[in-house]
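This report refers to the structure that appears directly beneath it.
Residue numbers (our numbering), protein chains in the order written: chain A, 1 to 348; chain B, 1001 to 1328.
See the structure below:
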């Protein structure tokens, strides 16, 4: 039987070339390069752009990137297990709509509606998890199905046009307010980042995600409850997608069915740019964060340079795509080189 | 029966029972489709009025062409999510050429070549550098789409007279479009089954290493499937272009998902080497007919997407249970 993996194409020789070297050194190199890219970006936009390095603009940058950032952070565990979740953007939309419906039509106080939304996120994540980990269906196809299903339900609930507005001040504070001088969602994002970092890097639970991605059979023989651990990654995605739907609605002051369209690809891009192997087993929270920051700075910065002001959306997308290809190709070439050296050493 | 069947049953990890369920899978989808059509015949005969039906099928024909291509790539255990963007790039380029008075056949050829070129980029990165296809095509998807937005700024391309329906009367033009899509499907289906290059695709998807040891060239085969998919995407763009007086630069969004969905419902496995184009045709027709059929039955159109998602999930769940039974 096939392992639960996004694509069961032959595994890239992730570990084979650098087998003699601890994995974190190779990772450190990738993160260092990415850090340089971010620093270069910041320097460039500070010099070429207008008002780039101002508190207001930085707050703006944070506000616009936390949702994708949070999704990228929880996409990491899923990709570490060798899976993928294409349904996060749609789930964000569904959660936003359900939150709006609970608050406006069912008359719940927003705190209770928000809590219910988080539960819904967990249930939706659990649905993905049941199919992927329980029935061992391919994650790519399952989440492609739920991608359509969740967005479709959101559209059906709103009859395609309905939008929820007029949320109370205390809720809008989540998306528009400041706390301790920083945008509120920066604190939420930091909380999610810390939880995911501890989970992935400091707990046996999180380490087992890596083990599953590296070798599902091996993890099973090592006595890990592979199905449960895999499932937990998808449930985590569901909960955080619901959380992101709340900050999204609070930031824009409206909840609609098209919330979060395209976020799944942005999140996956950030994770892969951060050096995570799409085949699973290799990746870090630091790399993912750098990937998120690199894209966020690029998008925001291009809107601050007079020459690219009107084209910032297109250009940042284009650069993201090209940089992603270059990062992948660069990684492949580096791997070849390492393998070539190892081969020469073995021969000589 | 034929070499295809032998090859599939002969591969170790699947048992004979598995082969039986695979065979029946295509018939299951065809059965569900027949059932749907039968229900429609009794409850809403208006569904079968020839002209609206032909128009619906014509509108879906470009998608069928892309689906055929994506099946090839999926049989090789790869995936391509950049076809939607490539489709838009080809459509706009062809539209600009036609409006600059380039004859339509020449522009169509250019569209196919441009598509093949885009496919070759994916193929080189995937087969040449051995990069994961999902990430490569994610990157090219974003890149093509943003290049197009940058170049075109969302401006529609107006087509000159005489391009719509290839300059034929509408009904005949619709038949030409549908016929072209069916010709592609039949050609590829027969080629996959009876030509040795077609068998290479299954062999590579089944076990690339074994295929290599048997003297095939798995990397070249993979590369070739991406190029063919690209070319077909270019062709689909032309088939779509002739249907309207304008080209929308935002066209082709979600095309990749619709194509993959049709392939999966038609019984193609993401794990490669399993599935036939006839099953895919049934799956494609099912997905194409379901929304208008439900509209006739009084289901509101905003349920469309949810139902499409439900069908994909149902198909893959049924597959999962079948596979489990087969393995026991």
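Glycine is no exception: its CB is placed at the ideal position from the N, C-alpha and C atoms.
query: Proximity below 8 Å, CB of residue 241 of chain A to CB of residue 121 of chain A; result: yes
query: Nearest candidate by alpha-carbon position, reference residue 123 of chain A, set A:84, A:72 and A:238; result: A:238
query: Beta-carbon proximity check, residue 1143 of chain B vs residue 322 of chain A, cutoff 8 Å; result: yes
query: Residue closest to residue 1093 of chain B, alpha-carbon to alpha-carbon, out of B:1114, B:1232, B:1073 and B:1084; result: B:1114
query: Close Cβ partners of residue 1332 of chain B (< 7 Å) along its chain, the five nearest in sequence each way excluded; result: Outside the displayed span of chain B (1001 to 1328) sits residue 1332 of chain B, for which this structure offers no information.
query: 8 Å Cβ cut-off: residues of chain A touching residue 1140 of chain B; result: 321 and 325
query: Straight-line Cα distance separating residue 264 of chain A from residue 88 of chain A; result: 6 Å
query: Residues near residue 1267 of chain B in its chain [Cβ-Cβ closer than 6 Å; skip 5 each side]; result: 1025, 1026, 1275 and 1279
query: Alpha-carbon spacing of residue 170 of chain A relative to residue 159 of chain A, whole angstroms; result: 28 Å
query: Beta carbon of residue 339 of chain A nearer than 8 Å to that of residue 1302 of chain B; result: no
query: Residue 115 of chain A versus residue 255 of chain A: straight-line alpha-carbon distance, rounded; result: 16 Å
query: Among B:1304, B:1209, B:1251 and B:1288, the one whose alpha carbon lies nearest that of residue 1037 of chain B; result: B:1288
query: Same chain, Cβ closer than 7 Å to residue 1258 of chain B, neighbours up to 5 away in sequence not counted; result: 1063
query: Straight-line gap, residue 1054 of chain B to residue 133 of chain A (C-alpha atoms, nearest Å); result: 42 Å
query: Residue 1221 of chain B, buried or exposed, once every other Cβ within 10 Å from all chains shown has been counted against 16; result: buried
query: Under 7 Å (Cβ pairs) to chain B, residues found in the segment 150 to 172 of chain A; result: 151, 152, 153, 155, 156, 159 and 160
query: Residues of the segment 246 to 276 of chain A with Cβ closer than 8 Å to any Cβ of chain B, in chain order; result: 265, 268, 269 and 272
query: Best match in A:180, A:252, A:332 and A:227 for proximity to residue 82 of chain A [C-alpha to C-alpha]; result: A:227
query: Residue 1257 of chain B at chain E interface by Cβ criterion, 8 Å; result: Looking at the structure shown, chain E is missing, and the protein chains on hand are A and B.
query: Bridge partner(s) assigned by DSSP for residue 178 of chain A; result: A:183
query: Where residue 386 of chain A falls: helix, strand or coil (DSSP); result: This structure leaves residue 386 of chain A out entirely; chain A is present only between 1 and 348.
query: Bridge partner(s) assigned by DSSP for residue 255 of chain A; result: A:164
query: Unbroken alpha helix (DSSP H) run spanning residue 1303 of chain B, endpoints; result: From DSSP, residue 1303 of chain B is part of no alpha helix (DSSP H); its letter is neither H nor E.
query: Complete alpha helix (DSSP H) runs within the segment 1155 to 1200 of chain B (minimum length 4 residues, chain order); result: 1170 to 1194
query: The segment 1243 to 1251 of chain B contacting the segment 1138 to 1154 of chain B, beta-carbon criterion three pairs below 8 Å; result: yes
query: Collapsed DSSP secondary structure at residue 1308 of chain B in the structure displayed; result: helix
query: Euclidean distance between Cα positions of residue 92 of chain A and residue 251 of chain A; result: 14 Å
query: Residue 1238 of chain B, DSSP secondary structure in three states; result: helix
query: Terminal residues of the alpha helix (DSSP H) in which residue 52 of chain A lies; result: Premise fails: residue 52 of chain A is in no alpha helix (DSSP H) and is neither H nor E.
query: Residues of the segment 1292 to 1321 of chain B whose Cβ lies closer than 9 Å to any Cβ of chain A, in chain order; result: 1300, 1301, 1302, 1303, 1304, 1305, 1306, 1307, 1308, 1309, 1310, 1311, 1312, 1313, 1314, 1315, 1316, 1317, 1319, 1320 and 1321
query: Classification of residue 346 of chain A by the beta-carbon crowding that lies within 10 angstroms, buried from 16 upward; result: exposed
query: Closer than 8 Å to chain A by CB, residue 1029 of chain B; result: no
query: Where residue 26 of chain A falls, given that 16 or more other Cβ within 10 Å makes a residue buried; result: Low per-residue confidence applies at residue 26 of chain A: pLDDT is 47, beneath 50, and the placement is therefore not dependable enough to give any value.
query: Simplified DSSP state of residue 1247 of chain B, which is helix, strand or coil; result: strand
query: Residue 1171 of chain B versus residue 107 of chain A - alpha carbon distance; result: 54 Å
query: Near the ligand FAD: residue 327 of chain A beta-carbon under 7 Å from a heavy atom; result: Among the components of this structure there are no ligands whatsoever, and the ligand FAD is therefore not found.
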